[in-house]
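In the working numbering, the protein residues as written are 161 to 263.
Virtual Cβ for every residue (Gly too), placed ideally from N, Cα, C.
Only one structure is covered here, and it is reproduced in the block below.
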């Protein structure tokens, strides 16, 4: 069934669309704050806890990328260069998106 005044999660009504937009901004800001506070609090307990958390986060991220077949970077490289560039690209982009919310 099609509803012409609704597209995806965003309603076509301007007031309702604004409410969804504001809610998404606050949700994103909250997620950034939670991630930063988690790392800061773990760092206050002990540096090893924070490093383990970050390593597990990156490990899980890279595991999901490999399991989905989305690990290799788009540049046509071969050999060890392909592996190194893919890891560097994935790690750098994850850091940027996790802590600045720039996608």
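Candidates the options: closest to residue i by CA position
| i | options | result |
| --- | --- | --- |
| residue 233 | 221, 240 and 250 | 250 |
| residue 214 | 177, 255, 171 and 235 | 255 |
| residue 258 | 168, 204 and 198 | 198 |
| residue 230 | 246, 237 and 236 | 246 |
| residue 196 | 226, 235 and 210 | 210 |
DSSP-derived helix/strand/coil call for residue i
| i | result |
| --- | --- |
| residue 262 | coil |
| residue 213 | helix |
| residue 231 | coil |
| residue 237 | coil |
| residue 206 | coil |
Alpha-carbon spacing of residue i relative to residue j, whole angstroms
| i | j | result |
| --- | --- | --- |
| residue 182 | residue 190 | 12 Å |
| residue 216 | residue 173 | 42 Å |
| residue 188 | residue 240 | 36 Å |
| residue 179 | residue 192 | 20 Å |
| residue 171 | residue 186 | 18 Å |
| residue 203 | residue 194 | 14 Å |
| residue 175 | residue 260 | 28 Å |
beta-carbon residue i near the ligand MN non-hydrogen atom, thresh 7 Å
| i | result |
| --- | --- |
| residue 191 | Absence of the ligand MN is noted for the structure shown, with no ligands found whatsoever. |
- Message: Taking 8 Å as the cut-off, does the segment 241-258 touch the segment 221-230 (at least 3 CB pairs, one atom from each stretch)?
- Response: The segment 221-230, when compared against the segment 241-258, does touch it at the 8 Å Cβ threshold.
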